[in-house]
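This report refers to the structure that appears directly beneath it.
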Amino acid sequence: MSWDIHSPARVDGSVRSLLAEAQRADGVPPLSDGVLDAADAADTITVALVDGSTVVGFGIATGLGSRGAVEFTIHPDFRGQGLGKKLWTELLERLRAEGSQHTTWPWSHGNHPAAAALAAEYGYTPQRTLLQLQTPRVEKLELPPLDLPAGVSLRTFETADEERWLEINNAAFSWHPEQGNQTIEDIRGRTRSADFDPRDVIIAEQDGRVIGFHDTKMHPEHVSGLLVGEVYVIAVDPSVHAKGIGNALMVAGMRDMIDRRGAQMLELYVEDDNDKALGLYDRLGFAHRIEHISYAPPQAEDTAETTQGER
1 MSWDIHSPAR
11 VDGSVRSLLA
21 EAQRADGVPP
31 LSDGVLDAAD
41 AADTITVALV
51 DGSTVVGFGI
61 ATGLGSRGAV
71 EFTIHPDFRG
81 QGLGKKLWTE
91 LLERLRAEGS
101 QHTTWPWSHG
111 NHPAAAALAA
121 EYGYTPQRTL
131 LQLQTPRVEK
141 LELPPLDLPA
151 GVSLRTFETA
161 DEERWLEINN
171 AAFSWHPEQG
181 NQTIEDIRGR
191 TRSADFDPRD
201 VIIAEQDGRV
211 IGFHDTKMHP
221 EHVSGLLVGE
231 VYVIAVDPSV
241 HAKGIGNALM
251 VAGMRDMIDR
261 RGAQMLELYV
271 EDDNDKALGL
281 YDRLGFAHRI
291 EHISYAPPQA
301 EDTAETTQGE
311 R
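Per full-length UniProt numbering, residue 1 is the first one in the sequence shown, and the count goes up by one each step.
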């Protein structure tokens, strides 16, 4: 059977139907929000495998020219026919044409065994493991009381905080391949979007200066069927030495998502080698783990340190 290749391919209703079916089968979204958001960018490659009017496979490669990402999936009803390999070779051919095959890292969300086998066949090695941690339903959580360090106060976000938010984020995540290179446009894209609520970002202050933040998000259409709150980004200025700021921001954000916004479960993402953060998250009830694997391309020069957490 022959399959049509469409490239570029739009993220239309047929593609979203495919992604939904893959998510139902695998228990995790097959493509990350960040990659999907970049689908229409000028430097993004999109490829669809099509059977008549049915999209049976879809992939995106984005961030070309730097540390890029490539993600793809096959409809569950069409797996086991070599279509994953076919879609991957189509994506790889286009990456080679762009000269980006050594700087674009495939992701496997949920650590799918078929992805691991395909990666090994093409000489890609697992280099980074991002853990998706989840709590049980919140009625089973026992959160500690909020314990603020002396001289530190918490409040909600104000527009004047944008510059310090950026400074703290890039200082705290200077090692991070995605999070550590934010721009003021990235911050404003979040804070000035139509659905942004300043109460969703908790700011830590000391002597009138912003020293940390906790950006939270809600997921009303989570694969679990629950209203899920996410510890999206939490960071403290590395130059501040007062202990307990991150812990206080964490607890405050968790309580807000549960009490004000009605979260039924909480989740977060963290690097698997961030032992300090993992200890805190374990104590706060984040027990269930889903693995997301990033594969290093052959001959890739990896500059990313993965000794701390967050996505």
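Think of the CB as a built atom: it goes at the ideal place given N, C-alpha and C, for glycine as much as any other residue.
To the nearest angstrom, how far is it from the Cα of residue i to the Cα of residue j?
{"i": "residue 56", "j": "residue 80", "result": "12 Å"}
{"i": "residue 164", "j": "residue 210", "result": "7 Å"}
{"i": "residue 40", "j": "residue 242", "result": "43 Å"}
{"i": "residue 167", "j": "residue 75", "result": "42 Å"}
{"i": "residue 314", "j": "residue 155", "result": "In this structure the chain extends from 1 to 311, so residue 314 is not present and cannot be described."}
{"i": "residue 11", "j": "residue 286", "result": "33 Å"}
{"i": "residue 30", "j": "residue 273", "result": "23 Å"}
{"i": "residue 14", "j": "residue 53", "result": "8 Å"}
{"i": "residue 175", "j": "residue 200", "result": "26 Å"}
{"i": "residue 151", "j": "residue 202", "result": "16 Å"}
{"i": "residue 250", "j": "residue 58", "result": "36 Å"}
{"i": "residue 111", "j": "residue 127", "result": "12 Å"}
{"i": "residue 19", "j": "residue 48", "result": "12 Å"}
{"i": "residue 217", "j": "residue 88", "result": "32 Å"}
{"i": "residue 5", "j": "residue 86", "result": "10 Å"}
{"i": "residue 293", "j": "residue 107", "result": "6 Å"}
Three-state secondary structure (DSSP) at residue i?
{"i": "residue 310", "result": "With a pLDDT of only 40 at residue 310, under 50, the local geometry of the prediction cannot be trusted, and no value is derived from it."}
{"i": "residue 58", "result": "strand"}
{"i": "residue 23", "result": "helix"}
{"i": "residue 83", "result": "helix"}
{"i": "residue 244", "result": "coil"}
{"i": "residue 17", "result": "helix"}
{"i": "residue 259", "result": "helix"}
{"i": "residue 93", "result": "helix"}
{"i": "residue 220", "result": "coil"}
{"i": "residue 78", "result": "helix"}
{"i": "residue 251", "result": "helix"}
{"i": "residue 167", "result": "helix"}
{"i": "residue 29", "result": "coil"}
{"i": "residue 206", "result": "strand"}
{"i": "residue 303", "result": "No answer about residue 303 holds up, because its pLDDT of 42 lies below 50 and its placement is not dependable."}
With a threshold of 16 other CB atoms inside 10 Å of the CB of residue i, please say whether the residue is buried or exposed.
{"i": "residue 115", "result": "buried"}
{"i": "residue 245", "result": "buried"}
{"i": "residue 207", "result": "exposed"}
{"i": "residue 161", "result": "buried"}
{"i": "residue 194", "result": "exposed"}
{"i": "residue 298", "result": "exposed"}
{"i": "residue 220", "result": "exposed"}
{"i": "residue 262", "result": "exposed"}
{"i": "residue 248", "result": "buried"}
{"i": "residue 63", "result": "buried"}
{"i": "residue 145", "result": "exposed"}
{"i": "residue 69", "result": "buried"}
{"i": "residue 258", "result": "buried"}
{"i": "residue 60", "result": "buried"}
{"i": "residue 185", "result": "exposed"}
{"i": "residue 230", "result": "buried"}
Where do the ends of the beta strand (DSSP E) carrying residue i lie?
{"i": "residue 281", "result": "No beta strand (DSSP E) contains residue 281, which is instead part of the alpha helix (DSSP H) from 275–283."}
{"i": "residue 189", "result": "First-last for residue 189: 184–191, but that is the alpha helix (DSSP H), not the beta strand (DSSP E)."}
{"i": "residue 126", "result": "125–134"}
Can you name the start and end residues of the alpha helix (DSSP H) that residue i belongs to?
{"i": "residue 107", "result": "No alpha helix (DSSP H) holds residue 107; the beta strand (DSSP E) holding it covers 104–109."}
{"i": "residue 229", "result": "Counting along the chain, residue 229 falls outside any alpha helix (DSSP H), though it belongs to the beta strand (DSSP E) covering 228–236."}
So, is the C-beta of residue i closer than 9 Å to a C-beta in chain C?
{"i": "residue 79", "result": "No chain C is present in this structure, which holds just one protein chain."}
Any 3 or more C-beta pairs closer than 8 Å across the segment 137–153 and the segment 248–256: yes
Counting beta carbon pairs with one atom in the segment 230–247 and one in the segment 167–182, are three or more of them shorter than 8 Å? Output reads yes: the segment 230–247 touches the segment 167–182.
Assess, as a yes-or-no matter, whether the segment 215–230 is touched by the segment 76–96 under the definition of 3 or more beta carbon pairs within less than 8 Å. no
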